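Q:
There are 2 protein chains.
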Amino acid sequence: MEKKVIIQDKFWLRYRELIRKEMIPYQWNVLNDSIDIKIEKERNDNTLLLEKSHAIMNFKIAAGREQGHHYGWIFQDSDVYKWLEAVAYSLKEKMDENLKDLADEVVDLIAEAQEDDGYLSTYFTIDAPERKYRCLNESHELYCAGHFMEAAVAYYDAVKNQKVLDTACCLADCIDRNFGREEGKIHGYDGHEEVEIGLLRLYEATGDKRYLQLSCYFLEERGKDPYFLSRQKAEEQRPPLIEGMDQWPLEYYQVHKPALEQTTAEGHAVRLVYLCTAMAQVARETKNEKMLEACRKLWRNIVDKRMYITGGIGSTVHGEAFTTDYDLPDDTMYCETCASIGLVFFAHQMLKNETYGEYADVMERALYNTVLAGMALDGKHFFYVNPLEVVPEKVKKDPGKSHVKPVRPQWLGCACCPPNLARLLASVDEYVYIQKENTILANLFMNCESSFQMPKGECTIMQKTNYPWDGNVEFIIGSTAEEPMTFAVRIPGWTDNYMIKMNGRTLSLEVKNGYVFFEKAFAADHIQIEFEMKPKRWYANPHVSNENGKTALSRGPLIYCMEGADNGDCLHLLELKEDEEIQYSYEENLLGGVGTLHTCGMKLDLGHSDMPLYLSRHFETEKVKKKIKWVPYYSWANRGENEMSVWIREEKVPRGKPAGMPNKMKEVF
Amino acid sequence: MEKKVIIQDKFWLRYRELIRKEMIPYQWNVLNDSIDIKIEKERNDNTLLLEKSHAIMNFKIAAGREQGHHYGWIFQDSDVYKWLEAVAYSLKEKMDENLKDLADEVVDLIAEAQEDDGYLSTYFTIDAPERKYRCLNESHELYCAGHFMEAAVAYYDAVKNQKVLDTACCLADCIDRNFGREEGKIHGYDGHEEVEIGLLRLYEATGDKRYLQLSCYFLEERGKDPYFLSRQKAEEQRPPLIEGMDQWPLEYYQVHKPALEQTTAEGHAVRLVYLCTAMAQVARETKNEKMLEACRKLWRNIVDKRMYITGGIGSTVHGEAFTTDYDLPDDTMYCETCASIGLVFFAHQMLKNETYGEYADVMERALYNTVLAGMALDGKHFFYVNPLEVVPEKVKKDPGKSHVKPVRPQWLGCACCPPNLARLLASVDEYVYIQKENTILANLFMNCESSFQMPKGECTIMQKTNYPWDGNVEFIIGSTAEEPMTFAVRIPGWTDNYMIKMNGRTLSLEVKNGYVFFEKAFAADHIQIEFEMKPKRWYANPHVSNENGKTALSRGPLIYCMEGADNGDCLHLLELKEDEEIQYSYEENLLGGVGTLHTCGMKLDLGHSDMPLYLSRHFETEKVKKKIKWVPYYSWANRGENEMSVWIREEKVPRGKPAGMPNKMKEVF
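From first to last, the protein sequence lines are chains A and B.
Heads up, the first sequence is in the numbering used here, so the first residue is 285 and it goes up one at a time.
Heads up, the second sequence is in the numbering used here, so the first residue is 285 and it goes up one at a time.
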């Protein structure tokens, strides 16, 4: 046992219980088509299959237990794998024999659906065996395989089910026999990255270097021959598996140039961050500096130029893709939940490579905002797409916004996000600490009890906090070793100030790469850190043209938003004074318990509704004082359909008057 | 001869010569596939047919002169009809025997392609005779018929070709036999309005009331049974004629409720304004007050809530449609050239109904801005879609903006706009004056010599002006009648001031409904009006959320824009002070001769390019003085691919300082 983190945190336990009690049983019912729900189109596309999930039935048919055809997306299998992975983490946290029995049965079913040579993909086994590995731009065969490997390792780790690991190895071996540099093998890769990650987990679990090498092969091969996928598709001369897939440019698949030479985040956002996640780990495992440098460049491009303030990525629904630098529209964006999950993975791997607080900052930003926003508070409704601004009427009347939902659907035709969310939230304990030899980095803040096998002896850490509502974090650290070790705590990028005490004594420690470092032979030492957690305003780089003159609010790791439920319609008529103070309060009974922000702003009063559309003078609008309430972005759309906006226009303070001066309007509070 | 207007205007003669010398021969070559051009997709849609026009060949095949199949859009015939209509106006202006011979041959060809019973639609005649009038949601059969009727009347009017009028009547009679309230007829209408307009022109030309009644029937029938089109389609049980047409809601076709009960502009923008155009005329011809009231309501909704400042309409590419009130995005809009042409038609008909200057103001706004922008200065490149903001890099990287072109294509797969432009510009003389019994309204301003048959005697009007560059307009009016008549001149909505002289003497006349009225027995009287034509700023209603804090510039009827060619990249970094003066100059050698505006604004200087994406304080950007040059919107994109923006951020003047005060920065001029 390398490390063990037991979460005891109110904020996160609520989520983990939701996963155990609601999401896992709910998703099981969905996968078995045993629940009557409304499956919604993720966007306006008549080719989407929406009648049912059929995911378990696909396996039963492939296993020969049932007769019939495959139904659903070609990558429907991955919904089952991600569910199994979430189950694994959940069982690891808290054993549930009934659930384990169910999962064991699923493992048996998957093993039965596997062909003798290890091949596994229900669509091809059932309906198109002659097309196996022959249409990789669309087939998602290796993508699903990767998800199965991840699930298998997690499930083996949780309950020591040998069969699942053997099935995964057998699949990986099949892939290894079919792909590679050697003659007779396919010199190519999957259209959707993911197997590279799965193989790495299998390598970690088994120590078999072939899996590392195969993962590395896929990464190095990717984009070397940009036309591999399109040529293979053309050679096959068969109808498409996914309508319209032929319209995407090379960038969609990240094959426009060798992966290691790519410097800007292009194409399908989930694919890109999955690629980066694998590259970041392979770079570490194989000490490949060139690959690490490629990761750094892609990271910089995302974080400096292509990421929403909520940690969302992907600016357009078309190809679910990145567009160009600073192109971050608020109402037509994609910001897929899975993409932010992938960004968490990428950040986590980079943080393992380099102790650099920005990686953890972004990981936290994505996790606490876009990732959590992907799920309703009931654990049974999900967003695929996470807008920063919604006006329901505009969404409904413009099919170009058909991907933007004002409220979370019960399920989606393409159901990649819900089980992806489940597996990340069920394994959030993995992201709290990173151990690097004799050093432990504390990256996320939540109540938990942890133990680590250090080079010498064992280290235990008790973390206590009321994060994300409070910036106080305490650590009680003990170690069985008498020699010093290093404990590093991230100082979040969002704080302007912090105070550190050790065993009651205030320390003045320098921040280095976003962390403060404690080097000591710990023995029940008490470290107390207080991050200043004032509400803050944020401004976007002026190149983000749609945010010019606007501000967004945050407190701690949370980005806030305004909703119609609190503020009425026409959020676009609201503005905030540059120097208006922001109040914070915790509301136990709102949205499962949230900290809310309160500002005194102004609302343009248009008087009567029939004012002209254009005037050759400023509209004579009265500005009336208006209290504006802000809720955490992750908690929006839990009170029915309403308007929402993250950004608000800011009224500048006239020059000469120092910013931050008290303002008359504060009196109304 | 009711009226005759001979244009002698430099600004408009350039266009009319372009039509005669460039557009008509060019479009003839395109329709005959005898020119090597690049036909571009109007949007990202793989079903578009782009190899050739084939429009004339379709007629030859239908006529039995050639063998083969129909190619192109199902409404490809209308390209030929609109070409013929433009030829008619051009010949009326200036006879050209060769062109007349060519057009006569086209008329012969059309007549040959017509079936014995009068039916005319090359697609159905050639490839699907069994589907005639059976899939009206897609077929465009009556749409094309309407365009032929318009062309036929115009061509008959120009050269007295009896055959064309007979062919059109024969077609109208065929439609009359097939559609109507009587048993055995189809109780329905075309998916795309237009035949209603064509029938009205045929009624005007022939005096046959059946055509007026049939037009009226289509209007009254429309939407009474909202499911007529979808039911007919379902009953036919045949594959679609246009891929994806089944996705559109009832609003797309304006059939969600009876046309006379519609109060908001919904669906496909061109269809809606064609519908309104016909309703406005039928209301007048049949004295139908309810229909007129419906027109007024739809007009108000468009003009008060759904029209761009350029006179563009249609906020989304999806369905080429209106969306909702105040939803007017600048970079994803549609603003189809044809839609603004239709808005000119609608406005013109309403002005005939009611002497109300706003109709002429909107007609002028659409004509001088979006309509003219639809064509390059060379007359050989065309916009389908007219954006208000273009950043070429963003357009290229987001398939959601595939309909937005940074430069005008040579031709478009769906070529409705170029010949529509040609026929409007070739007949712009029709829009200058409107005669209502003993009154003449002067609506548009251009040099022209006109004569009118008045109830008593003949009236001649000579108009002299350097419009749109100068606000002086002179009229010399004579009349053979000795009794008084009324001459009314529109006082444009954009002017704040005007001065009127008659025969050298200053008059003080009240503006009534946007016009000043002169009642007199005219005898070589000289009326001189000077509209104050200062550059102006415009502001959008605060409900147009994307224009908050922004301003747009105009001078006279022209809306202006900034282009990269004059101002460099990153137009979003420019801003204008609230009180900065706007200079005007005329540049003979720029863009065919244009008046340009000049402002001294500011540009945010971001210093180095690697500033972070988000900051918790204002970005420390220097504002550097920057001369900003503006060109008329209609003239943009004639200097290669570059950025363009109509709206600019405006920096407010600190309070206490009166607006309009001289500003230091002016010194740089």
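Cβ coordinates follow ideal geometry from the N, Cα and C atoms, glycine included.
Since we're looking at a predicted model, the values are computed, not measured.
In whole angstroms, what is the alpha-carbon distance linking Glu477/B and Ala397/B?
A: Straight-line Cα distance between these residues: approximately 23 Å.
Q: Looking at the structure shown, is Thr616/A part of a helix, part of a strand, or coil, going by DSSP?
A: coil
Q: Would you mind telling me which residues of chain A sit closer than 9 Å to Thr600/B, beta carbon to beta carbon, in chain order?
A: Within chain A, the residues near Thr600/B are Lys681, Asp682, Pro683, Gly684, Lys685.
Q: Going by DSSP in three states, Leu725/A sits in which element: helix, strand or coil?
A: strand
Q: Which of helix, strand or coil does DSSP assign to Gly762/A?
A: strand
Q: The alpha helix (DSSP H) that contains Val628/B, what's its start and end?
A: 621 to 637
Q: Under 7 Å Cβ-Cβ, which residues of chain A neighbour Tyr299/B?
A: Within 7 Å Cβ-Cβ: nothing; Tyr299/B doesn't reach chain A, min ~26 Å.
Q: Rounding to the nearest angstrom, what Cα-Cα distance links Arg590/B and Val691/B in this structure?
A: Taking the straight line joining both Cα atoms gives about 25 Å.
Q: Return no unless some Cβ of chain A is closer than 7 Å to the Cβ of Phe630/B.
A: no
Q: Quick one: what does DSSP say Gly879/A is sitting in, helix, strand or coil?
A: strand
Q: Against chain A, which members of the segment 885 to 900 of chain B pass a CB distance test of less than 8 Å?
A: Leu888, Leu890, Asp894, Met895, Pro896, Leu897, Tyr898, Leu899, Ser900
Q: Taking the beta carbon of Gly348/B as the centre, do at least 16 other beta carbons fall within 10 Å, making it buried, or is it exposed?
A: exposed
Q: Taking only three categories from DSSP, how would you classify Asp380/B?
A: coil
Q: Which residues, in order along the segment 800 to 829 of chain B, keep a beta-carbon less than 9 Å from a beta-carbon of chain E?
A: Although the question refers to chain E, the structure presented lacks it and instead comprises the protein chains A and B.
Q: From Glu301/A to Phe295/A, what distance separates their C-alpha atoms?
A: 10 Å
Q: Look at the Cβ atom of Trp695/A, then the Cβ atom of Ile358/A, and state whether they are nearer than 7 Å.
A: Cβ distance not < 7 Å, so Trp695/A and Ile358/A don't count as in contact.
Q: Grouping DSSP H, G and I as helix and E and B as strand, with all else coil, what is Arg300/B?
A: Arg300/B: helix per DSSP, three-state reduction.
Q: Judging by CA-CA distance, which residue of Asp894/A, Ile597/A, Lys305/A is the nearest neighbour of Tyr987/B?
A: Residue coverage of chain B in this structure runs from 285 to 953, which leaves residue 987/B outside it and unanswerable.
Q: Going by DSSP, name the residue or residues bridged to Thr607/A.
A: Bridge partners of Thr607/A: none, in fact.
Q: Quick check on the DSSP output: the alpha helix (DSSP H) that includes Lys517/A runs from which residue to which?
A: Taken as a continuous stretch (DSSP letters only), the alpha helix (DSSP H) holding Lys517/A covers 512 to 520.
Q: Under a three-way DSSP split, which group does Ser929/B fall into?
A: strand
Q: Quickly, what does DSSP pair Ala772/A with across the bridge? List them, please.
A: Leu725/A, Phe801/A
Q: How big is the Cα-Cα spacing for Arg485/A and Ala562/A?
A: 10 Å
Q: Taking the straight line between their C-alpha atoms, what separation do you get for Gln538/A and Arg415/A?
A: 23 Å
Q: Secondary structure at Glu934/A, three-state DSSP: helix, strand or coil?
A: strand
Q: Check whether chain A comes within 7 Å of Val952/B, counting only Cβ atoms and requiring the distance to be less than that.
A: Because Val952/B carries a pLDDT of 30, less than 50, the predicted location of this residue cannot be relied on, and the following value inherits that uncertainty. For Val952/B, the answer is no, since every Cβ of chain A falls outside 7 Å of its Cβ.
Q: Take Pro693/B and list the residues in its own chain whose beta-carbon comes closer than 6 Å to its own, dropping the five residues that flank it on each side.
A: Glu324
Q: Return the residue from the list Thr608/B, Glu335/B, Leu858/B that minimises the CA-CA distance to Asp317/B.
A: Glu335/B
Q: Apply the 10 Å Cβ neighbour rule to Asp780/B and answer buried if 16 or more other Cβ atoms are within range, or exposed otherwise.
A: By the neighbour-count rule (16 or more Cβ atoms within 10 Å), Asp780/B is not buried but exposed.
Q: Shorter than 7 Å from the beta carbon of Thr779/A to some beta carbon of chain B?
A: no
Q: Looking at C-alpha atoms only, which residue of Tyr403/A, Val390/A, Ile481/A is the closest neighbour of Met433/A?
A: Ile481/A
Q: Express the C-alpha separation of Tyr844/A and Lys919/A in angstroms, rounding to a whole number.
A: Sequence check: residue 919/A is Ser here, not Lys. Taking the straight line joining both Cα atoms gives about 9 Å.
Q: Start and end of the beta strand (DSSP E) containing Val915/A?
A: 906 to 916
Q: According to DSSP, is His476/A helix, strand or coil?
A: coil
Q: Determine the contact status of Glu816/A and Lys861/A, defining contact as a CB-CB distance below 7 Å.
A: no
Q: To which residues of the same chain is Cys700/B closer than 6 Å at the C-beta, ignoring the five residues directly before and after it?
A: Cys622
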